[in-house]
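Each remark here refers to the structure printed beneath this line.
In full-length UniProt numbering, the protein residues as written are 1 to 509.
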């Protein structure tokens, strides 16, 4: 009737035999039930072809009597139990290019599985299906699956989705990569996931949605079981994050790369992670958010289980300051590797920034290429006795004027200082960087890496004195000293012979 399909089912005792080739008329006295439908619009063109395959998996039985209206005055009827194949009735070739609205009607109610699980990424991929989908016009029928991962992945022309798209798919637990590379999608409807209360992962859900500029308030409010938001909004065009976005997601453990590459993101709302006390990983969370100018005070105060801030703010080139005590409550952190790397507007480091982070093992790359950084606070690493890796830590900080005395004298576990002050072209060296009491045995019997540590690193105006590493006792250990002082300048050259230079690097005249 019109664009609707109705059905009525009547049980007949003992069944009813029919003769093939004959026509029968049935009189139905009961009530007719409207069958549920879903609609989507596809666009055919000469580039991607004029054939379309509904992306159901092959080799499965169709769960309900199904009718497909292809939107061109043709339709296919597929009885329940039909096994899907690569050339079945869910494939269609149009006569010409254009936009067509496909209607799928199922003979089962919402409480039952109505259709097989669709997947534009992995099912029937040989016909450019993903590129042909331009809109989902109604909610999906019930696919009775836990995995909605990859569902619309690579649907690069998908422009619109309805508010209640997933409302009938209440068993879903996995939305990983669901909209990845939907590069035309500009908006997320409010309440999109409201009925999906069993979800545990939104990892990479909107990754590479390069035109997505806004997140609706309360998007994840009903998804209290979620543990994973890694890469969720990676490389989106977001300008802001709604306040309280993750307030209901108290089970979340990972925000790894959540906003990675959101280059239009100008600010982080206060208290964004206040309720996420189970989080362990903020690695790469705001990586390359190069419009971000500030970090809110106390952003991580409640995240006491975090173990990694690796590259968290790397390439945030507009970030001008770090709040005092930013990491004071994060006592379980083991890695700050790359945390503020290439924050080229960062002018200062707060005193005692890492005092409470006594479990940290890596500061590799932590402030590398912070070329506006003028000074290092005295005692910055005094409490980080477990740290083993300071490789590249201040490399290419070419505005850095001095290194404080005893910067690393408490870090007796450290074995990697490779490139630590590489190309710090204005720095005044300090003889007591590694030891304030003249202890030339502090590295004895430890395999050390000093490669390029101070290479090209000295001010011609006031070069200062270098730590006399060439005089330190290495014991039985192996040291990499390649070009440690290559092209550097310092005043205490006593004992820096040609033989030493061949091992530690030739100085600048």
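Virtual Cβ for every residue (Gly too), placed ideally from N, Cα, C. Just so it is clear, the structure is predicted and the values come from calculations on it, not from any experiment.
Exposure of residue i, with buried meaning 16 or more beta-carbon neighbours within 10 Å
i           : result
residue 347 : exposed
residue 103 : buried
residue 413 : exposed
residue 378 : exposed
residue 330 : buried
residue 73  : exposed
residue 96  : exposed
residue 119 : buried
residue 235 : buried
First and last residue of the uninterrupted beta strand (DSSP E) at residue i
i           : result
residue 36  : 36-44
residue 69  : 66-69
residue 170 : No beta strand (DSSP E) contains residue 170, which DSSP labels as neither H nor E.
residue 75  : 75-78
residue 54  : No beta strand (DSSP E) contains residue 54, which DSSP labels as neither H nor E.
residue 100 : 98-106
residue 91  : 91-93
Extent of the continuous alpha helix (DSSP H) run through residue i
i           : result
residue 500 : 498-504
residue 129 : 129-132
Chain-order list of residues whose beta-carbon lies under 6 Å from that of residue i (same chain, five-residue window excluded)
i           : result
residue 470 : 500, 504
residue 323 : 295, 297
residue 449 : 416, 418, 480
residue 483 : 452, 455, 505
residue 407 : 433
residue 362 : 335, 337, 389
residue 376 : 404
residue 195 : 167, 170
Proximity to residue i [Cα-Cα], best of the options
i           : options            : result
residue 358 : 342, 410, 403, 483 : 410
residue 267 : 82, 253, 34, 297   : 297
residue 306 : 252, 350, 270      : 252
residue 94  : 75, 276, 109       : 75
residue 496 : 61, 466, 476, 423  : 466
residue 243 : 273, 472, 509      : 273
residue 491 : 44, 508, 260       : 508
residue 80  : 374, 66, 109, 221  : 66
residue 82  : 70, 101, 96, 58    : 58
residue 290 : 191, 342, 263, 391 : 263
residue 222 : 210, 204, 15, 190  : 190
residue 285 : 443, 271, 167, 316 : 316
residue 240 : 232, 225, 216      : 216
residue 231 : 181, 97, 269, 271  : 181
residue 179 : 88, 165, 171       : 165
residue 383 : 374, 370, 351      : 351
residue 472 : 53, 371, 438       : 438
residue 487 : 421, 237, 280      : 421
residue 34  : 237, 477, 109      : 109
residue 233 : 224, 288, 271, 332 : 288
residue 250 : 235, 225, 269, 257 : 225
residue 326 : 44, 303, 126       : 303
residue 332 : 308, 312, 375, 194 : 308
Beta-carbon gap between residue i and residue j smaller than 9 Å
i           : j           : result
residue 354 : residue 394 : no
residue 131 : residue 156 : yes
residue 63  : residue 116 : yes
residue 150 : residue 106 : no
residue 159 : residue 227 : no
residue 300 : residue 275 : no
residue 212 : residue 206 : yes
residue 510 : residue 364 : Any question about residue 510 goes unanswered here, given that the chain covers just 1 to 509.
residue 174 : residue 134 : no
residue 349 : residue 319 : no
residue 282 : residue 314 : no
residue 474 : residue 444 : yes
residue 129 : residue 92  : no
residue 99  : residue 68  : no
Cutoff 8 Å; reference residue i; Cβ partners in own chain excluding five residues on either side
i           : result
residue 112 : 63, 64, 142, 144
residue 344 : 317, 369, 370, 371, 372
residue 177 : 121, 149, 150, 153, 203, 204, 205, 207
beta-carbon residue i near the ligand HEM non-hydrogen atom, thresh 8 Å
i          : result
residue 18 : Among the components modelled here there is no ligand, and therefore nothing to report on the ligand HEM.
Spatial neighbours of residue i in its chain, beta-carbon cut-off 7 Å, leaving aside the 5 residues before and after
i           : result
residue 424 : 394, 397, 398, 400, 457
residue 140 : 38, 165, 166, 168, 169
residue 237 : 210, 211, 212, 213, 264
residue 435 : 409, 442
residue 40  : 102, 133, 135, 136, 137
Interface flag, residue i vs chain B, CB-CB below 9 Å
i           : result
residue 201 : Note that chain B does not occur in the displayed structure, where there is just one protein chain.
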